[in-house]
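K.L.:
Before I ask anything, let me first share the structure, which is written out below as structure tokens.
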Amino acid sequence: MSNITTIILNNREFKLIGTAHVSRESIEEVRNTIREEKPDMVCVELDQARYNSITQNDTWSKLDLSKVFKERKGFLLIVNLVLAGFQRRLGNQLGVTPGEEMKTAIETAEEMKIPHSLCDREVHTTLRRAWARCSLWSKCKLLASLLASAFTTEKLSEQEIENLKKKNELDGMMSELADYLPGVKVVLIDERDQYLASKIWSSMLPPSPNAKPQKIVAVIGAGHMQGIITHLEQLASKEKNKDECTIEHELNELNKIPKRGIFSKTLPFIIPAIIVGLITFGFIREGSDIGITMILQWVLWNGSLAAIGAIIALGHPLVILVSFLGAPLTSLTPFIGVGIISGLVQIAVSKPRVSDVQDITQNITSIKGIYRNRITRALLVFFFSSLGSSIATFVLIPMWVIN
1 MSNITTIILN
11 NREFKLIGTA
21 HVSRESIEEV
31 RNTIREEKPD
41 MVCVELDQAR
51 YNSITQNDTW
61 SKLDLSKVFK
71 ERKGFLLIVN
81 LVLAGFQRRL
91 GNQLGVTPGE
101 EMKTAIETAE
111 EMKIPHSLCD
121 REVHTTLRRA
131 WARCSLWSKC
141 KLLASLLASA
151 FTTEKLSEQE
161 IENLKKKNEL
171 DGMMSELADY
181 LPGVKVVLID
191 ERDQYLASKI
201 WSSMLPPSPN
211 AKPQKIVAVI
221 GAGHMQGIIT
231 HLEQLASKEK
241 NKDECTIEHE
251 LNELNKIPKR
261 GIFSKTLPFI
271 IPAIIVGLIT
281 FGFIREGSDI
291 GITMILQWVL
301 WNGSLAAIGA
311 IIALGHPLVI
321 LVSFLGAPLT
331 SLTPFIGVGI
341 ISGLVQIAVS
351 KPRVSDVQDI
361 TQNITSIKGI
371 YRNRITRALL
381 VFFFSSLGSS
391 IATFVLIPMW
401 VIN
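Written as structure tokens, this is what we have:
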């Protein structure tokens with residue numbers, strides 16, 4: 001099912017190939033189009049990190065999980081793995097490696113000595129911008145969706161994968177995403193449409209008036225096709241009108257991580273203050289018995305739910321104990337969470353093996369593999385112990401206020 005669109009703008013010819021990322025047909029379509037068209041430039045929807053992950057076998061061997069936890073990037077890594085695992089499962093069903101069409105585009109370009117350009121925004125930037133745009137409720141919905149996709153066993157047929165390239169199918173999916181998580185849709189789709197279009201447009205030098213049109217083949221996800229066309233047309237209009245707003249400025253704006261608002265910055269301090277204030281109020285107004293009861297509730301609820309989270313993640317017994325003891329204390333400080341401590345202890349007592357690094361891309365495609373791999377199990381410990389502690393905090397505060 002061909003999904004190629006050609007547009008000519010300002011003496012540039014853009015041939016956009018919309019793919020489904022795990023489509024066998026897309027791989028052949030990309031290879032054949034580049035060979036037949038012999039473009040001046042090949043652009044692909046990849047950033048440097050994802051390009052390295054699909055071309056280098058040792059990418060995971062460079063991962064320092066301790067550094068990830070200490071730099072508070074555990075959630076970003078989890079999201080990356082969930083998304084990669086979902087695509088990998090689809091690819092395994094069809095015998096296709098996710099991103100193979102992008103790799104094929106680059107290999108074919110190199111084979112024909114055609115320059116190529118990586119045109120997507122760095123994935124961590126995209127994820128951090130998406131997270132920053134989410135309200136607390138949207139963040140909960142996003143985490144629920146990620147968990148559902150991580151543990152789903154649903155299978156799609158090859159025809160269903162190909163249908164993802166149909167405009168009507170994509171319109172329905174984009175509409176659902178916009179309704180469910182509008183902020184995430186803006187960052188994952190709309191912003192990247194603009195970013196990709198800007199990078200594709202700027203991948204060539206300004207053409208001379210009488211020269212032969214420069215030809216660019218761009219390999220992109222089918223869901224970005226219409227948005228990229230719209231932005232390319234806008235860029236062509238700006239160039240004709242000599243608009244002062246440069247592409248570089250637009251790209252810089254799209255690469256910025258939104259600054260945290262005052263409420264977001266102070267919330268980690270406000271919650272511990274509320275907890276300490278409520279307990280203190282319990283001592284002053286109701287007496288020591290009530291105050292001590294509240295402290296015990298705080299320790300038992302917070303510690304127990306964090307420990308249960310570690311148990312769900314099949315953490316080491318020492319990790320379960322550390323989660324129980326650490327959660328009531330870390331919840332009262334804005335500088336460190338129990339998940340960081342439990343994750344670090346997990347990798348200390350159950351150090352990742354060479355096989356865990358080698359097999360992680362395959363392990364993330366199944367629940368059994370996720371639990372078997374020591375890297376992903378440490379991430380589960382981090383996530384579920386953090387989740388347990390957070391649940392306890394948001395249960396106890398309203399319970400105390402009501403009582």
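Under our numbering, the first residue of the sequence shown carries the number 1, and numbering increases by one thereafter. Virtual Cβ for every residue (Gly too), placed ideally from N, Cα, C.
1) Going by beta carbon distance, what residues of the same chain come within less than 8 Å of Arg-377, once the five residues before and after it are set aside?
2) Near Gly-282, which residues of its chain fall below 6 Å by C-beta distance, leaving aside the five closest residues on each side in sequence?
3) Would you check if the distance between the CB atom of Val-381 and the CB atom of Ala-310 is smaller than 9 Å?
4) Is the region 38-49 touching the region 109-125 in the sense that three or more CB pairs, one from each, lie closer than 8 Å?
5) Give the single residue among Ser-323, Ser-288, Pro-352 and Lys-15 whose Cα lies nearest to the Cα of Ser-304.
6) By Cβ distance below 6 Å, which residues in the same chain neighbour Glu-13 in space, the five residues on each side in sequence not counted?
7) Comparing alpha-carbon positions, which option in Asn-3, Ser-138, Pro-398 and Leu-81 lies nearest Leu-278?
8) How long is the line joining the alpha carbons of Pro-39 and Lys-240, rounded to whole angstroms?
9) Lys-199 by DSSP, collapsed to three states: which one?
10) So if DSSP puts Thr-6 in a beta bridge, which residue, or which two residues, is it bridged to?
11) Need the endpoints of the alpha helix (DSSP H) that Ser-53 sits in, please.
12) Would you mind reading off the limits of the beta strand (DSSP E) that contains Ser-117?
13) Can you tell which of Ile-320, Leu-196 and Val-219 has the C-alpha that lies nearest to the C-alpha of Thr-230?
14) Touching or not, the region 186-204 and the region 118-138, by the rule of three or more beta carbon pairs under 8 Å?
15) Beta-carbon of Gly-227 versus every beta-carbon of chain C: anything under 9 Å?
16) For the beta strand (DSSP E) containing Met-41, name the first residue and the last one.
17) Give the DSSP-derived three-state secondary structure of Trp-400 in the structure shown.
18) Classify Lys-265 as buried or exposed, calling it buried when 16 or more other Cβ atoms lie within 10 Å of its own Cβ.
19) Helix, strand or coil for Gly-227 per DSSP?
20) Suppose contacts are defined by Cβ-Cβ distances below 9 Å. Is Glu-111 in contact with Ser-26 by that definition?
21) According to DSSP, Leu-214 sits in a beta bridge with which residue or residues?
22) For Gly-18, count neighbouring C-beta atoms within 10 Å of its own C-beta (all shown protein chains included) and say buried if the count is 16 or more, exposed if not.
23) What first and last residue would you give for the alpha helix (DSSP H) that runs through Met-112?
24) Let's test the definition: count the other Cβ atoms within 10 Å of the Cβ of Ser-342 and tell me whether it reaches 16, buried, or not, exposed.
25) Tell me the DSSP secondary structure of Trp-284 in three-state form.
P.N.:
Taking the geometry as given:
1) Here the set comprises Ala-313, Leu-314, Gly-315, Gln-346, Ser-350, Ile-370 and Tyr-371.
2) Ile-290, Gly-291 and Met-294
3) yes
4) yes
5) Ser-323
6) Pro-213 and Lys-215
7) Pro-398
8) 24 Å
9) Looking at Lys-199 - three-state DSSP - the assignment turns out to be helix.
10) DSSP lists Lys-15 as partners of Thr-6.
11) Segment 48-55, the alpha helix (DSSP H) holding Ser-53.
12) 116-118
13) Ranking the options by Cα distance to Thr-230, first place goes to Leu-196.
14) yes
15) Protein chain content of the structure displayed is limited to a single chain, and chain C is not contained in it.
16) 41-44
17) helix
18) exposed
19) Helix at Gly-227.
20) no
21) The sequence as given places Gln at residue 214; Leu does not occur at that position. Arg-12.
22) buried
23) Taken as a continuous stretch (DSSP letters only), Met-112 belongs to no alpha helix (DSSP H), as it is neither H nor E.
24) When all chains shown are included, Ser-342 counts as buried.
25) With the sequence shown as reference, residue 284 is identified as Ile, and Trp is not the correct amino acid for it. Helix at Ile-284.
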